[in-house]
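As they're listed, the protein sequences go chains A and B.
In terms of numbering that gives the first Met the number 0, the first sequence opens at residue 0 and continues consecutively.
In terms of numbering that gives the first Met the number 0, the second sequence opens at residue 0 and continues consecutively.
Ideal Cβ positions, reconstructed from N, Cα and C, are used throughout, including at glycine.
For clarity, every value in this text was computed on a predicted model and none was experimentally measured.
Notes for the one structure printed next.
There are 2 protein chains.
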Amino acid sequence: MSFNSTTNSLLKSIPALERKPTKAERTRAEILQAALDFFWSHPFRELTIGGLMSSTSAGRSAFYQYFEDLYDLTETLLRGLEAGILEVATPWFEGEGDPLPLLKESLGGLVRVCYERGPILKAVSDAAVSDERLEKEWNGFLARFDGAVTARIEQQQAVGSIPAFEARPVAVALNRMDAALLIEAFGSRPRRQPQPVLDAITRVWVSTLYSQTTQRSQ
Amino acid sequence: MSFNSTTNSLLKSIPALERKPTKAERTRAEILQAALDFFWSHPFRELTIGGLMSSTSAGRSAFYQYFEDLYDLTETLLRGLEAGILEVATPWFEGEGDPLPLLKESLGGLVRVCYERGPILKAVSDAAVSDERLEKEWNGFLARFDGAVTARIEQQQAVGSIPAFEARPVAVALNRMDAALLIEAFGSRPRRQPQPVLDAITRVWVSTLYSQTTQRSQ
DNA sequence: CTTGACATGTGACACACTGTCAGTATAAAA
DNA sequence: TTTTATACTGACAGTGTGTCACATGTCAAG
């Protein structure tokens, strides 16, 4: 009754240029899909090349035709995730007009994407600590958001919608909070309810950036 | 001119009951110290039992007399760190009177302790993703702070010093931000300046908890 | 001291996983 | 079909782990 409906979801070929995927493309997609399925029910540490490949039609050695190692594979998943997140974050990053609704829209999109692909997020961040190369990619991924948020804060500080303070450390703080919270909430089953997570994140962002605070100095 | 001044810093025996440490205690302390030294200049992933023990006076197998594996050793370091942090966090958790200065004192202490022992923090959080047992300990460690912060928020919401909202998710968000930021800032050399980190953390905590926000609803 | 008993440490082993390579099978092109 | 390039495989060596029987060290009682 059911069949694997997402096997080719990773190819994302441009419809116009569609053509029969070659054997190599199919095997590669099969491996990626197997990894993805795995991450929905197991942590990264339990993944081995042998185990992964035995859930595909190819033997263990075939893995090395497509990926250097498990971290390389994981990096591929990260790239897809980054694209997805960047897309939903656009409103606040680039939108015009009242920034508060834009921020809320972006945070809502972020939570939605991470709810849908939480295990990828968790797998990547787990894997990153064990591999220098992937760790750099992961840090780069985070740093790109840090940069974008910093720029946006500074731009809005210039026009007075955000109070004056050193933008980057606050941007980093907010982004790290997002990442840690989203991983914890949606990284593995059972996932938490998205709404309270969104509410908490929104509260912290909004009060940090858009509330007229009366912070007494030291 | 210099000598290893901290070799026995891990024993922490009660001064009154001091007595000559047995051979086993000395070896154990030597291993812990070697690990600590290691973490100041290398990430957890580069630690192996063989490498660790070859920087001590004992052979590789002796390691297993004292620890189950590297995660067990790392757990020992976590326990010491938790004690240190709990101590400096007391003011806001338990103090009486105007909560804002208490919070600032606690956050200041937190940043100071983590600046001093950042590599431990990073080593533990790195190691945790690779080992189920240590991961549980680490989550427990975080959860204890979540609980304490949640309780404190709710108590102050009851007396009106903090606005009404669901306390736990916000507590979790703030704690995860702290952890991620402190690890990133102080987890490995070169460490960042403590002051901007403290400022950013303080800003987020204070504006989230103690500023009269005018958050427009959705 | 010397002895004995217990505490501490060791070398050698089996295991699991990794990454490589020469050679084979299979798919695609001619 | 034949040819050629591509995809795949099994066997191997390497690295690190954890365990075991045995060796060595320590220290108190005789």
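- Fully contained in the segment 120 to 208 of chain A are the following alpha helix (DSSP H) runs of length 4 or more, in chain order: 131 to 157 and 166 to 185.
- Taking a Cβ-Cβ threshold of 7 Å, the residues of chain B close to L180/A are V171, A172 and R175, in chain order.
- Taking a C-beta distance under 7 Å as the contact criterion, P168/B and P193/A do not qualify as a contact pair.
- By the neighbour-count definition (other C-beta atoms within 10 Å, threshold 16), T21/A is an exposed residue.
- The three-state reading of DSSP puts T47/B in coil, since its state is none of H, G, I, E or B.
- A61/B and M52/B have their alpha carbons spaced roughly 8 Å apart.
- The segment 163 to 181 of chain B and the segment 73 to 87 of chain B do not touch, with fewer than three beta-carbon pairs separated by less than 8 Å.
- Taking 7 Å as the threshold, the shortest C-beta distance from T47/B to chain A does not fall below it.
- Secondary structure note for R59/A: it is in no alpha helix (DSSP H), with a DSSP letter that is neither H nor E.
- With respect to chain B, the C-beta atom of A199/A has a partner C-beta closer than 7 Å.
- Between the segment 129 to 143 of chain B and the segment 132 to 151 of chain A, the count of C-beta pairs closer than 8 Å stays below three; the two stretches do not touch.
- The three-state secondary structure of D97/B, taken from DSSP, is coil.
- With a contact defined as Cβ atoms closer than 8 Å, D125/B and P42/B qualify at about 6 Å.
- The segment 68 to 75 of chain B and the segment 20 to 36 of chain B touch, with no fewer than 3 CB-CB distances between them shorter than 8 Å.
- Counted as a single uninterrupted DSSP element, the alpha helix (DSSP H) harbouring F38/B occupies residues K22 to F38.
- Between the C-alpha atoms of Q154/A and S206/A there is a straight-line separation of about 18 Å.
- Proximity of S105/A to chain B, defined by a Cβ-Cβ separation below 7 Å, is not satisfied.
- Distances from the alpha-carbon of L120/B to those of P189/B, W204/B, A184/B and A199/B put A184/B closest.
- Neighbours of T207/B in chain A, taken as residues at a C-beta separation under 7 Å, are given in chain order as R202, V203, S206 and T207.
- Against D125/B, the close residues of chain A are V128, in the order they occur along the chain (beta-carbon pairs closer than 7 Å).
- Among the residues facing chain A, S210/B is included, as its CB has a counterpart in that chain under 7 Å away.
- Inclusion of R59/B and G50/B in the CB contact set at 7 Å is not warranted, their separation being larger than that value.
- In the three-state DSSP reduction, K19/A falls in the coil class, being neither helix nor strand.
- Proximity of R44/B to chain A, defined by a Cβ-Cβ separation below 7 Å, is satisfied.
- Among the CB atoms of chain B, none fall inside 7 Å of the CB of P118/A.
- For L181/A against V123/A, the beta-carbon gap comes to about 12 Å, at or over 8 Å, which does not count as contact.
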